[in-house]
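Asks: Got a structure for you, questions after.
2 protein chains.
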Amino acid sequence: MAIRTLSELEGVCLGLVNKHQPCTAYLLRQELKAAPSSHWQASAGSVYPLLARLQDEGMVLSTADRADGRKRRALRITPRGRAALKKWLVTGVDPDLISSVTDPIRSRTFFLGVLSDAGRVSYLNDLVIEMERFLGKTRNYLNTISRTDDIDAYFGALGAVRITEARLEWLQEVRNELSHC
Amino acid sequence: MAIRTLSELEGVCLGLVNKHQPCTAYLLRQELKAAPSSHWQASAGSVYPLLARLQDEGMVLSTADRADGRKRRALRITPRGRAALKKWLVTGVDPDLISSVTDPIRSRTFFLGVLSDAGRVSYLNDLVIEMERFLGKTRNYLNTISRTDDIDAYFGALGAVRITEARLEWLQEVRNELSHC
DNA sequence: CGATGCATGTAAGCTGTTACATGATTGC
DNA sequence: GCAATCATGTAACAGCTTACATGCATCG
Chain A
55 MAIRTLSELE
65 GVCLGLVNKH
75 QPCTAYLLRQ
85 ELKAAPSSHW
95 QASAGSVYPL
105 LARLQDEGMV
115 LSTADRADGR
125 KRRALRITPR
135 GRAALKKWLV
145 TGVDPDLISS
155 VTDPIRSRTF
165 FLGVLSDAGR
175 VSYLNDLVIE
185 MERFLGKTRN
195 YLNTISRTDD
205 IDAYFGALGA
215 VRITEARLEW
225 LQEVRNELSH
235 C
Chain B
55 MAIRTLSELE
65 GVCLGLVNKH
75 QPCTAYLLRQ
85 ELKAAPSSHW
95 QASAGSVYPL
105 LARLQDEGMV
115 LSTADRADGR
125 KRRALRITPR
135 GRAALKKWLV
145 TGVDPDLISS
155 VTDPIRSRTF
165 FLGVLSDAGR
175 VSYLNDLVIE
185 MERFLGKTRN
195 YLNTISRTDD
205 IDAYFGALGA
215 VRITEARLEW
225 LQEVRNELSH
235 C
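From first to last, the protein sequence lines stand for chains A and B. Here the first sequence is numbered in our numbering, starting from 55 and rising by one per residue. Here the second sequence is numbered in our numbering, starting from 55 and rising by one per residue.
Structure below.
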């Protein structure tokens, strides 16, 4: 049977299973919550049904593991799962995917004109402060990763830092230009 | 009655109505499609019900306009709509929103390890090429906007260019580092 | 006179969320 | 013994998409 294309969260979860196996679904959720990006809430309502689906399709194996008496399932990726993960990964070259980054801050800048002059300046100042705080978080997260131990995670986290730096510099420019006019 | 917080697409659509009024729902969809970001498909199935909802809540006014015989509705924002738009805009300072940027390319880099050495290099090369193409698009889009005519749109589009430049530089670094090891 | 663009809308489905529900284990 | 954490799961809902359906206007 042909292997279907995974959704974004499916790809990420399957990638995490591949990296941490054997691991629990709970651990995947913890990993996603620890990331500086708040995009994936990785709620129980998405992760558990998602994993059950991948299991039904033969992409992950889940074995009951009652070593410590707790109800607990150890997840592992299958060869079929690894094939699906590879397929998902290279869909990254799709132009639609490359251009699908969402930035709610950037969306809002298109409409700054509705605020009063004072309101706009105050909003942009607050925004710069929060963005600096967020940049600090992404840098801290990068520092928790060893480049030699996990080069992929290192470059992923480095990307977050670089992109946040660009967002901050751009926001500062917007604030400075819109403050005196 | 208290004004509820708008969703992302609601905020963007209401902002566009405010900017272009009087305008049709169709024009909003064209604007969103013309943007270099592919995030908002702004499908008929989302835009028309959305606008009907905002109209029910007294945030937009829609008047039948059969000037050219065509079935057509002219949209305008109301004072209540403008208040909602302002409220939505300043929610940008929320740390959760600031950190909610999604980048499917960056997500995938965390799992580059599943690819073979050759596959990884080839994927990253393709990715750099596509990212360069996308950067060209964001720059073209920026060039269509007059800074003096619409400073907000100018800075919004400038943000897209800056962030895409950062993504490209980061990707090139990843490719160069992962190619010879 | 046919293709393309303008213009509005609905129905079904996908993918995620929040909130709820349950229960065992570990540490203070 | 009680709180926090580990661990799994369900039900209802939110917000968007795709695909479908309709019809007039404009241009070649």
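Ideal placement from N, C-alpha and C gives every residue a C-beta, glycine not left out.
By the three-class DSSP mapping on this structure, what secondary structure does Arg-124(B) have?
Replies: coil
Asks: Going by alpha carbons, who is nearest to Leu-189(A) out of Arg-221(A), Val-168(A), Thr-163(A) and Asp-203(A)?
Replies: Minimum Cα distance to Leu-189(A) is reached at Arg-221(A).
Asks: I need the DSSP call for Val-175(B), collapsed to helix, strand or coil.
Replies: helix
Asks: I'd like the span of the alpha helix (DSSP H) that includes Ala-98(B), first residue to last.
Replies: According to the DSSP assignment, Ala-98(B) belongs to the alpha helix (DSSP H) that extends over 98 to 110.
Asks: I'd like the span of the alpha helix (DSSP H) that includes Ala-118(B), first residue to last.
Replies: Premise fails: Ala-118(B) lies in the beta strand (DSSP E), 114 to 118, not in any alpha helix (DSSP H).
Asks: Check each residue of the region 139 to 163 of chain B: if its Cβ is closer than 7 Å to any Cβ of chain A, include it; give the result in chain order.
Replies: Leu-139, Lys-140, Leu-143, Val-144, Gly-146, Val-147, Pro-149, Asp-150, Leu-151, Ile-152, Ser-153, Ser-154, Val-155, Thr-156, Asp-157, Pro-158, Ile-159, Arg-160, Ser-161, Arg-162 and Thr-163
Asks: Assign Gly-69(A) to buried or exposed, taking buried as 16 or more other Cβ atoms, counted over all protein chains shown, within 10 Å of its Cβ.
Replies: Residue environment: Gly-69(A) is assigned as buried (16 or more neighbouring CB atoms within 10 Å of its CB, all protein chains considered).
Asks: Mapping DSSP to helix, strand and coil, what is Ile-57(B)?
Replies: In this structure, Ile-57(B) counts as coil in the three-state DSSP scheme.
Asks: Give me the Cβ distance between Ser-161(B) and Glu-62(A), rounded to the nearest whole Å; I'm assuming they're in contact under 8 Å.
Replies: 7 Å
Asks: For Leu-169(A), return the contacting residues in chain B, with the cut-off set at a CB-CB distance below 7 Å.
Replies: Lys-140 and Leu-143
Asks: Please report the Cβ distance between Leu-151(B) and Pro-158(A), rounded to the nearest whole angstrom; I am assuming they are in contact, meaning their Cβ atoms lie under 8 Å.
Replies: 5 Å
Asks: Looking at the unbroken alpha helix (DSSP H) that takes in Ser-91(A), where does it start and where does it end?
Replies: Run containing Ser-91(A): none; DSSP gives neither H nor E here.
Asks: Of all Cβ atoms in chain A, is any one closer than 9 Å to the Cβ of Glu-111(B)?
Replies: With 9 Å as the cut-off, Glu-111(B) does not count as an interface residue toward chain A.
Asks: With a cut-off of 9 Å, does the C-beta of Leu-104(A) fall near any C-beta of chain B?
Replies: no
Asks: Are any of the Cβ atoms in chain B nearer than 9 Å to that of Glu-184(A)?
Replies: Taking 9 Å as the CB threshold, Glu-184(A) lines the interface with chain B.
Asks: Among Leu-225(A), Thr-198(A) and Thr-132(A), which one has its Cα closest to the Cα of Asp-110(A)?
Replies: Thr-132(A)
Asks: Please classify Met-55(B) as buried or exposed, where buried requires at least 16 neighbouring CB atoms within 10 angstroms.
Replies: exposed
Asks: Tell me whether Ile-199(A) sits in a helix, a strand or coil according to DSSP, three-state version.
Replies: coil
Asks: Can you check DSSP and say which residues form a bridge with Thr-132(B)?
Replies: The partner list for Thr-132(B) (beta bridge, DSSP) is empty, contrary to what the question assumes.
Asks: Within 9 Å (strictly less), CB to CB, does Asn-194(B) reach chain A?
Replies: no
Asks: Shortest alpha-carbon distance to Lys-87(B) belongs to which of Leu-104(A), His-234(A), Leu-86(A) and Ser-153(A)?
Replies: Per the C-alpha coordinates, the member of Leu-104(A), His-234(A), Leu-86(A) and Ser-153(A) positioned closest to Lys-87(B) is Ser-153(A).
Asks: Using the C-alpha atoms, what's the distance from His-74(A) back to Phe-165(B)?
Replies: 12 Å
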